Structures are given as structure tokens and as C-alpha cells.
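See structure below.
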Amino acid sequence: MQQTRSVELGTGLFVLLGLAALFFLTMQTTGSNTLAGEDTYSVTARFSNVGSLKVRAPVAMSGVTIGRVQSVEFDPVSLEAVVVFEIDSRYDQIPDDSDASILTAGILGSQYLGLQAGGSEFSLEDGSEIQFTQSAIIIEQLISKYLFSSSSEKEHE
Amino acid sequence: MLRDIYFTVVGFLRTFGALQLFFLRLLVNSPHIFFGRFRLVVQQVQNSGTLSLVIIMVSGFFVGGVLGLQGYSNLARFNAEDSVGTFAAFSLLKELGPVISALLFAGRAGTALASEIGLMKATDQLSAMEMMAVDPLPRVLVPRFLGGVISMPLLAAVFSAIGLLGAHLVGVNLLGVDAGAFWQQMQSTLDMSDVYEGIIKSVVFGVVVSLLAVWEGYNAIPTAEGVGRATTRTVVISAIAVLILDFMITAMAI
Amino acid sequence: MDSASDNVIEIQDLDYSRGPRQIFKGLNLSIGRGKVTAIMGPSGTGKTTLLRLITRQLRPDSGKILVDGVDIANLTQKQLYQLRRRFGMLFQNGALLTDISVFENVAFPLREHTRLPNRLIRHVVLTKLHAVGLRGAADLMPTELSGGMARRVALARAMVMDPEILIYDEPFVGLDPISMGVIVRLVRKMNDALGITSILVSHDVQEIAAVADCSLLLADGKVAASGSPDELNNTSSELVRQFMHGMADGPVAFHFAAPNYADQLLGRDSE
């Protein structure tokens, strides 16, 4: 009896430890807990180029994550990218003339959507569209622009 | 020559088919053993899970520590040492956790299973059961199989979790990466699908390694030499199967 | 008809071969009810194989094996297990389950096949262990037992479901004289007290003489001789005499089949 009891105890502890490890992994390594996820409102923004912005990329204001990208789609009529993102409804005081830009976190980091506060007295609400957007900076374009300008300077000399 | 190839191929197919049928018989017998004789399963979770815990935890800690060191020194070349947490978490959750724990599991629990069952066969214990009108497949093999299947994902999770702590200890406490950056970067990069991929892998590996161990033990030639060969084959075949399946699952996930 | 019902097991024209080697060729034998029957034979004549055929752990190539007049070849798995419950078998080294205690080993068939309450199981198990003189060893693990003790525990386990037929596979091998004496006594006692049929495979001539009612000698895939141990002892057959008296050479040759000695030494066989 003593033996079976210690077996059961050991097994119970092992299974608990395993489940605790699983819980730790899901909660601690993924960002699913940063957004409460209960109450959010959706906002749309149009970009001429979204770079490599992905669904579930963070939406940040002053560097703090306040929401996530819900969908990235191409509008065949306006020939623009339409990004829908949700913002935690705790942050319901964001001016409706704020501008959205696609930024990169660090040199190797992934892209995220940054909001910069405007000065309007009206706030963004569910279904609003952001008017002022700045597209992603594409490194290849930057480089070719730089090369082009430096080579044209040489021609002038 | 052609005949040899023919017989090798046919022999392989026959063994493979027999293995599938054996797997099916295990599955068919699993529910009533799991619900009806849960105590037998608990005993085997103890044997293959709890007893593998020490090797899993020690290995996980040091693998995590190495990831911290390597990640730091290599990412520092790109001024991205803050990503060391992301690097460690990606490697552990998706690859190293499931794969290394499956290999360790094959070495610790798989060999123990194969040799135990082989020895039971060699000492007529399985025949004795049959003579007592007890089918050894549900009574002996199924609880051991289920014990392995339950233990493996838990072991892989423990491995990854301890590994992360090891990476944290090396990266943050020793090399001075900011703790906030360590976790924050990881959390903003990984999502649930990465965790799921690791869990799916560890479940598949658990099934495969337990199946192979039980199979090799059950089909061991009932002599001391045969049992020894069965344990060796368990490790070798399990390792190959785990690595091939790892490649296949990763390819499917991407 | 009368004589048929006196035989628990009857084997008719049995053929069995393993790989290229034919082990039984037209074997006929019968085993009487309530008796201790010994099956003897030189090593490799298939004594253990015969036991496995009788309990259908192996299937014959052809021929019939009747247990109480029922051909066991056509039984379903369920019927076979039903039949096996009437058998008790003692394996060569006991074949105790090594991961559970002596008590649990003896209780094993009860726990698997009945829903008896724990108290009753305890009662039955202790009774059986007492019968083999090992009630005191109930809490030991099988690895802590000597060879003779392990066999006695296995006997208690074989008895626990009250079988009608008890089969002993080489019960005397590797035992010291005292343990052997104990087993001989137990075989006889179990057989007479419980009215069961015992089948004993062995090549220990003296022990068999002490315990068996009837002996069968297997050779060349057939029954070479049968009768009471005394009858076999005084037979005129050379093979039986060689076996019973342990002579090194005779019909069973000392030399394994080989090419001519002189030829092989002179290297002529390679030509």
C-alpha cells in the first residue's frame, strides 16, 4: 500500500509539473496575454505600401502596445492596402486625426503599426478610418534612391 | 541480386504492415484500459515519465544555457542581443524541446520499456499470462504505451520551460540582457501557433517512440541477446523516426 | 466410448515442424484422467513444444488435439481463454511477474477474472500459499526467492483458479535435492487431494519414478514407449534403456552427424 501511494504521489507531482510547464510556456512566451482581448474597437487605415506587416502585429502608441492588426487586404478599386486593426477599448481617447505609420522594431525586428497623436478633440471609435498614413519604408527603395542620387551627383562634377 | 532487393522490400513492407496492425490493436484496446484500469496507466506514467524527469530537467537547463550563450554572442554581431529570449524560445518550443526530449525519452524510457517487455517474454511471463487466460496486449503493452504517450508531451514542456529559465539565467543574469526586453521581444514575436507546433510534435513523438519501444520488446527474440538487440534497435529506430517526422511536421507547419 | 472419456487429452496423428525440422511425425498419445503422466525424452525431442501445442500456444501442421473430446484447433479466442482457465501451467522457471509481489502474483488470476472483494482474495491467496508452505513469503518480491521457492509460488498461482489439469514444464531442472523432494511431494499431493490431472515434462528419471503413474518416452517425433516407470525400467528396447540408465552412446548417438572423421582430418572433404 505504501508503495502504491508513493507511486501515485510521484505521478501526480510529475503531471502537475508538466501541466505547469505547459501553462508557463503558453502564458509567458506568447503575447496573447498583453491584450486583455475582451473589449476592443476596430479602426481602418489605408496605405500605399504595408511592407511586410502581418496579421496580429502589434499596434503601438508611444511604444506601448494598445492593439493588434486584424487583417491586411488589398483594395482592387483604390489600389491601396487596407489594414484593419483593433484597439483595446481602455484607450478610447485617441484623437481621430492621429496618423498611422508602419515602423520596424530594431534592425531585425518585425514590423508594427505606430500611431502618433493628433490634435483633434474628437476620438477614434469603432469603424473610424485614419486619414493620415505613412507607408512602410522599403529598404531596397532607400538604397536605390541613395545610389541614384549619388551617381547623378557624380555626373554633375 | 534482384531477388535480394525484392525480398528486402517485401520484408520491409510486411514488417511495416505488421507494425500498423499492432498499433491498431493498441489503439482499439486503449480506451477500456484507460478508463477501466487507470491505475495500471498511472504506474507506467511513473515509470516512463517521473523517472525520466531528472535527465530531462538537467539536459533542458544546459541546452537552454547554451542557447543563451550562443544566441547572445551571435546576435550581438547585429546589435540584436535583446532578441536572445526570442531566439531561445523559438528554438526550444519548436525544435529542441520536442526533439531532444524525444531522443532522451527513447534512451531512458524507451529502452527500459523494450527491455522490460523483452525480458518478460524471455522469462515466459507473457506466456504465463496467456495460460492464465489473460491477453498480455491490453494488460501489459497498452498501459506502457499509454504511459509513454501521456508522459512525452509533459516532459517536452518541462524541457522547454527549464530551458527558457536556463537561457534567462545566462542571458539576463550573467550577460546583462535587459529582463524586460528578454520577455517582451519573445512575447511580441511568438504566438500560440508556435506553442501548438511544439505540442503537436511532442505528442507525435510520444506515440511513435512508445509504439516502437513496445513493439521491439514484444517482438524481441526471447534470449538475453535478443533483448539486448531489441533495446538497441529501439533507440536507433526511434531516433531516425523522430528526426524524419520532425522534418515532415515542420515542413507541413510552414 | 468408455475409454475415451477416461482420457482428458488425446492426440491423433499430430505433425508439427519448426522451419525445416520436423519435430512430430504422426504422434499419437492419450493422457488419463486423474493421473500423473510424465512425458520424457532426450533434449530436443519437443517435450516443451508438445505442452505448447496442447495449450494452443502453438498450432499443429496437421492432426487433432482433443481436450475432453473437443478439438481445440477450431476454438475462438474467447473459447480458448475459457478452456485455458481449466488449465494451470507451471513454467520452467516459474515465470512469476517480476514487477509485483508474491502475494499479488498469486492473486493475479483472481484480480483479472473475478470481482471478488479484497478480503476474500486475501483469504484464497493465503490458503494457496500455505499449501505450498510459503505463506510467510507473501510480501517478498519474486527476485528475492530461490529457484525452488519461485516454482512453489508459481504452483500456488497455477492452483488459485482451481484448474482441472495441471501442466508442469521441467519442474525439477536446476533444483537442489531438498527442493526437488518438496516439489515431488507437492505434485503428488495436489494431484491426489484435488483430483486433478497432472502432466509432467521432465528428464529426471528418478523423480519421475517417484511421482508418475504413467510415463511416455518421446523419440523421433513419436511415442517410443509408454507404461508405468517400472515397466519402462525393465524394458528390452535399447533406446528406452539408454535413456532410463543414462548411457552416453546407443541409439541416440554420442556424435552429432558429421562427415567421416579421417576424411575430414586429412582435408579430403573439401574436394
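One line per chain: the protein sequences are A, B and C, in this order. Going by my numbering, the first residue of the first sequence is number 51, and it counts up by one from there. Going by my numbering, the first residue of the second sequence is number 69, and it counts up by one from there. Going by my numbering, the first residue of the third sequence is number 6, and it counts up by one from there. Here a beta-carbon is modelled for each residue, glycine too, at the ideal position from N, C-alpha and C. Here the structure is a predicted model, which means the values were calculated and not measured.
Considering only C-alpha positions, which residue in the set the options is nearest to residue i?
i	options	result
A:ALA167	A:PHE97, A:VAL127, A:ARG55 and A:ALA110	A:ALA110
A:SER92	A:ILE144, A:GLY113, A:LEU66 and A:ALA70	A:ILE144
B:ARG176	B:LEU187, B:MET254, B:LEU223 and B:ILE289	B:LEU223
C:GLN62	C:LYS40, C:THR50 and C:LEU85	C:LEU85
B:VAL245	B:GLY294, B:LEU137 and B:SER270	B:LEU137
C:GLY99	C:ALA112, C:THR119 and C:LEU160	C:LEU160
C:ASP66	C:GLN87, C:ASP73 and C:ASP18	C:ASP18
C:THR148	C:LEU180, C:LEU101 and C:LEU270	C:LEU101
C:ILE77	C:VAL165, C:GLY37, C:PHE92 and C:ILE59	C:ILE59
B:ALA156	B:ILE322, B:GLU184 and B:GLY234	B:GLY234
A:ILE177	A:LEU75, A:THR90 and A:LEU67	Residue 177 of chain A is actually Gly in this sequence, not Ile. Checked all of A:LEU75, A:THR90 and A:LEU67; the closest Cα to A:GLY177 is A:THR90.
C:ARG157	C:ARG124, C:LEU191 and C:ALA263	C:LEU191
C:SER203	C:LEU80, C:LEU150, C:ALA214 and C:GLY39	C:GLY39
B:VAL134	B:MET320, B:GLN255, B:HIS236 and B:GLU293	B:HIS236
B:ILE289	B:ASP262, B:ARG71, B:SER169 and B:MET188	B:MET188
C:LEU199	C:MET166, C:PHE259, C:ASP254 and C:LEU55	C:MET166
A:SER112	A:ALA131, A:TYR141 and A:VAL119	A:TYR141
B:LEU194	C:LEU95, C:ASN123 and C:HIS135	C:LEU95
C:ASP254	C:ARG91, C:ASN12, C:PRO47 and C:GLN211	C:PRO47
B:ASP262	B:TYR286, B:VAL238 and B:ALA225	B:ALA225
B:MET200	C:PRO264, C:ARG23 and C:ILE170	C:ILE170
Does the beta carbon of residue i sit closer than 9 Å to a beta carbon anywhere in chain D?
i	result
B:VAL109	No chain D is present in this structure, whose protein chains are A, B and C.
For residue i and residue j, what's the separation of their Cα atoms in angstroms?
i	j	result
B:VAL303	C:LYS52	37 Å
B:ILE218	C:ALA43	49 Å
C:ASN239	C:HIS250	11 Å
A:ARG55	C:SER35	51 Å
A:ALA86	A:ASP149	Because A:ALA86 carries a pLDDT of 48, less than 50, the predicted location of this residue cannot be relied on, and the following value inherits that uncertainty. Roughly 24 Å separates the two Cα atoms.
C:ASP73	C:PRO168	14 Å
B:GLN252	A:GLY117	15 Å
C:ALA126	C:ASP144	The amino acid occupying residue 126 of chain C in the given sequence is Ile; Ala does not appear at that position. Between C:ILE126 and C:ASP144, the C-alpha separation is close to 15 Å.
B:LEU242	B:PHE130	14 Å
B:GLY215	B:VAL113	4 Å
A:ASN83	A:MET77	Because the pLDDT of A:ASN83 is 44, which lies under 50, any placement of that residue in the model is unreliable, and the number read from its coordinates should be weighed accordingly. Roughly 7 Å separates the two Cα atoms.
B:ILE322	B:LEU258	14 Å
A:MET51	A:THR61	Because A:MET51 sits at a pLDDT of 49, beneath the cut-off of 50, its placement in the model cannot be relied upon, and the following sentence gives the value as read from the coordinates. Roughly 15 Å between the two C-alpha positions.
C:GLN269	C:ASP181	42 Å
B:LYS277	B:ILE308	It should be pointed out that residue 277 of chain B corresponds to Val in this sequence rather than to Lys. Cα to Cα, B:VAL277 sits roughly 10 Å from B:ILE308.
B:PHE84	B:LEU95	17 Å
Give the residues of chain B in contact with residue i, contact being defined as C-beta atoms less than 9 Å apart.
i	result
C:ARG90	MET200 and ALA201
A:ARG106	ASP259
C:MET195	Those within 9 Å of C:MET195 in chain B number zero; the least Cβ separation is about 17 Å.
C:GLU175	Chain B residues near C:GLU175: none, gap ~11 Å exceeds 9 Å.
A:SER160	SER256 and THR257
C:ASN98	THR191 and ASP192
C:GLU282	Residue 282 of chain C lies beyond the stretch modelled for chain C, which goes from 6 to 276, so this question has no answer here.
C:PRO114	MET200, ALA201 and VAL202
Starting from the beta carbon of residue i, find every residue of chain A whose beta carbon is closer than 9 Å, and list them in chain order.
i	result
B:MET254	GLN78, THR79, THR80 and GLY81
B:LEU222	PHE64, VAL65, LEU67, GLY68, LEU69, ALA71 and LEU72
For residue i, go through chain B and note every residue whose CB falls closer than 8 Å to its CB, in chain order.
i	result
C:GLU212	Per Cβ cutoff of 8 Å: no residues; C:GLU212 is ~21 Å from chain B at best.
A:GLY60	GLN114 and THR118
A:VAL114	Ordered by position in chain B, no residue passes the 8 Å Cβ test against A:VAL114, which lies about 11 Å from the chain.
A:VAL57	VAL110, GLN111 and GLN114
Give the interface partners of residue i over in chain B, defined as CB-CB distance under 7 Å, in chain order.
i	result
C:TYR86	ALA201
C:LEU102	GLN193
Just checking my contact of residue i with residue j at CB under 8 Å: how many whole Å lie between their CB atoms?
i	j	result
A:ALA95	A:SER160	Incorrect: roughly 18 Å between the Cβ atoms, too far for contact.
C:VAL41	C:VAL216	6 Å
B:GLY231	B:GLY132	3 Å
B:SER98	B:VAL210	6 Å
List, in order along the chain, the chain C residues whose C-beta lies closer than 9 Å to that of residue i?
i	result
B:SER116	Ordered by position in chain C, no residue passes the 9 Å Cβ test against B:SER116, which lies about 14 Å from the chain.
Any heavy atom of the ligand ADP inside 8 Å of the beta-carbon of residue i?
i	result
B:LEU70	Among the ligands in the structure shown, none appear at all, so the ligand ADP cannot be discussed.
Given that residue i touches chain A, what residues does it touch there, using C-beta distances under 7 Å?
i	result
B:ALA157	THR79
Give the residues of chain A in contact with residue i, contact being defined as C-beta atoms less than 8 Å apart.
i	result
B:SER228	ALA71 and LEU75
- Should the stretch 296-315 of chain B be called in touch with the stretch 201-215 of chain B, which here means at least 3 C-beta pairs below 8 Å? no
- Kindly confirm or deny that the stretch 96-107 of chain A and the stretch 177-192 of chain A touch, where touching means at least three C-beta pairs closer than 8 Å. As far as the Cβ criterion goes, the stretch 96-107 of chain A touches the stretch 177-192 of chain A, which means the pair count is three or higher.
- Are the stretch 199-207 of chain C and the stretch 170-177 of chain C touching by the rule of at least three beta carbon pairs closer than 8 Å? Touching, yes, given that three or more Cβ pairs across the two stretches are closer than 8 Å.
- Quick one: any contact between the stretch 169-187 of chain B and the stretch 272-291 of chain B, if contact means 3 or more CB pairs under 8 Å? yes
- Message: Tell me whether the stretch 26-41 of chain C and the stretch 215-224 of chain C touch, counting them as touching only if at least three CB pairs, one residue from each stretch, are closer than 8 Å.
- Response: The stretch 26-41 of chain C makes contact with the stretch 215-224 of chain C: 3 or more CB pairs, one atom from each, lie closer than 8 Å.
- Query: Should the stretch 132-149 of chain C be regarded as contacting the stretch 100-107 of chain C, the criterion being three or more beta carbon pairs within less than 8 Å?
  - Reply: yes
- Message: Across the stretch 161-174 of chain B and the stretch 255-266 of chain B, are there enough close Cβ pairs to call them in contact, namely three or more that are closer than 8 Å?
- Response: Under the Cβ criterion (8 Å, minimum of three pairs), the stretch 161-174 of chain B counts as touching the stretch 255-266 of chain B.
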